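Residue numbers (the working numbering), protein chains in the order written: chain Y, 3 to 158; chain A, 3 to 158.
Glycine is no exception: its CB is placed at the ideal position from the N, C-alpha and C atoms.
This one's a predicted model, so the numbers in the text were calculated from it and none came from an experiment.
This report concerns only the one structure given below.
Protein chains: 2
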Amino acid sequence: MTIEAQDEQQAATKDRLLAAPISQDAGFLLAKLHAGGSVLNNRALAEFDLKERSYSVLILANSGLEPTQRELADFLSLDPSQIVALVDELEKRKLVSRAPGKQDRRAKTVTATAKGTQLLAQAAVAARRAESEVLAALSDEEAAQLKVLLRKALWG
Amino acid sequence: MTIEAQDEQQAATKDRLLAAPISQDAGFLLAKLHAGGSVLNNRALAEFDLKERSYSVLILANSGLEPTQRELADFLSLDPSQIVALVDELEKRKLVSRAPGKQDRRAKTVTATAKGTQLLAQAAVAARRAESEVLAALSDEEAAQLKVLLRKALWG
DNA sequence: ACGTATAGTTGAAAATGTCAACGATTGATT
DNA sequence: AATCAATCGTTGACATTTTCAACTATACGT
Chain Y
3 MTIEAQDEQQ AATKDRLLAA PISQDAGFLL AKLHAGGSVL NNRALAEFDL KERSYSVLIL
63 ANSGLEPTQR ELADFLSLDP SQIVALVDEL EKRKLVSRAP GKQDRRAKTV TATAKGTQLL
123 AQAAVAARRA ESEVLAALSD EEAAQLKVLL RKALWG
Chain A
3 MTIEAQDEQQ AATKDRLLAA PISQDAGFLL AKLHAGGSVL NNRALAEFDL KERSYSVLIL
63 ANSGLEPTQR ELADFLSLDP SQIVALVDEL EKRKLVSRAP GKQDRRAKTV TATAKGTQLL
123 AQAAVAARRA ESEVLAALSD EEAAQLKVLL RKALWG
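As structure tokens, then:
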């Protein structure tokens, strides 16, 4: 069999299951696109010793919103104990710092350091590249529209 | 503080981080909507002792396409060894059966039994209800458009 | 002041993900 | 025909992630 024919057959068998009704299921589509995107994102961020999770925390820490760990947990849909581990690691690397909450001394706000801001600037470039890879099959308008719909589904 | 004021404040702090630039990140939006959706899906499927994963396998087994385990792994973005575990469990429950591949005796095709088809019919109702909950903020047209875009991103 | 609730932290347990090896089978090459 | 590399399902080991229950310190309503 020629290489070209092999590729064709691979493509055919790869998409064979597309006919199944699960391809109409939003949950499945979400899961699959997210799975593929995670791989690319994490690959892109590995260069900076970041993963999707720590990258997310770093962005929020750098937002000027001074999120508390509880807010991070809620916003990122993670358990508070996972936030502890993420912030621990970023703090050890001097990318973020913890500060006691101003009104609530139980809470700790997480803020990016100058070093964190700097690393984030570089990582964001790589992440944007990864995102455009994930959405490569969409036009710019379609990609924008997809984000609009996702945001609306999440927050109305 | 009144209950109403509490609720308002909760809503306000809940969305406080929306201003962060991560809300523009497709990977994050995908992850978050998927996370929320998984909870609802699994909750809906628990009644039938199914999870998202086993439900997906059951749908594909019931599709008439007679997928092999390798095809299931590729399509569901799972490791082949995870498919083994999923099919083991469904087979134990007599919801699917394994059969040797027709052209390739290494492969095993997975097919739903009558019992599997029957359970799937019920589970699908619950799953559809969960999906419409996840996408409740979207109109029918928007939900359809979202799926179109997700499919296009995945398969062009 | 008291009781209840919440923020962060720790640590353990359960679930999931990743990977390397293996036997059986296939297909290509000689 | 014999061989060799590749693939399928399976197993088991290991790492990572998720989930949960406790605990301390702090906050807040009564």
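Label A/A145 either buried or exposed according to how many other C-beta atoms from any shown protein chain fall within 10 Å of its C-beta, with 16 as the threshold for buried.
-> buried
Scan the region 69-126 of chain A and note each continuous beta strand (DSSP E) run of 3 residues or more that stays entirely inside, going in chain order.
-> 98-102, 110-114
Cutoff 8 Å: A/A2 Cβ touching any chain Y Cβ = This structure cannot speak to residue 2 of chain A, because chain A is shown only from 3 to 158.
How would you write the range of the alpha helix (DSSP H) that Y/D142 sits in, first residue to last?
-> 142-157
How long is the line joining the alpha carbons of Y/N43 and A/A126, rounded to whole angstroms?
-> 32 Å
Would DSSP call A/K53 helix, strand or coil?
-> coil
Under the three-state reduction of DSSP, which class applies to A/G66: helix, strand or coil?
-> coil
Cutoff 8 Å: A/L47 Cβ touching any chain Y Cβ = no
Indicate whether the contact test is met: 3 or more Cβ pairs, each with one atom in the region 138-158 of chain Y and one in the region 92-102 of chain Y, closer than 8 Å.
-> no
Distance between Y/D106 and A/L78 (C-alpha atoms, nearest Å) = 45 Å
Can you list, in chain order, the residues of the region 55-74 of chain Y whose Cβ is nearer than 7 Å to any Cβ on chain A?
-> S58, I61, L62, S65, L67, P69, E73
Around the C-beta of Y/S83, are 16 or more other C-beta atoms found within 10 angstroms, so that it is buried, or is it exposed?
-> exposed
Which residues in the same chain as A/L160 place their Cβ atom closer than 8 Å to its Cβ, once the five residues preceding and following it in sequence are excluded?
-> One cannot answer for residue 160 of chain A here, as it falls past the ends of chain A, which runs 3 to 158.
If you follow the alpha helix (DSSP H) that Y/L32 is part of, which residue opens it and which one closes it?
-> 28-48
Y/L20, buried or exposed, once every other Cβ within 10 Å from all chains shown has been counted against 16 = exposed
Kindly indicate if chain A contains any beta-carbon less than 8 Å away from that of Y/L137.
-> yes
Applying a beta-carbon distance threshold of less than 8 Å, which residues of chain A neighbour Y/K110?
-> By Cβ distance, chain A contributes nothing, its closest Cβ being about 15 Å from Y/K110, past 8 Å.
Does the beta carbon of Y/R100 come closer than 8 Å to any beta carbon on chain A?
-> no
Compare the C-alpha of A/R108 against each of A/A28, A/T70, A/S141, A/S58 and name the closest.
-> A/T70
Given that a residue counts as buried once 16 or more other Cβ atoms are within 10 Å of its Cβ, and exposed if not, what is Y/G39?
-> buried
Confirm, please, whether the CB-CB distance from A/A33 to A/A132 is below 8 Å.
-> no
Should A/E73 be labelled buried (16 or more other beta-carbon atoms within 10 Å of its own) or exposed?
-> buried
Please compile the residues from chain Y whose C-beta is within a distance smaller than 7 Å of the C-beta of A/F30.
-> S58
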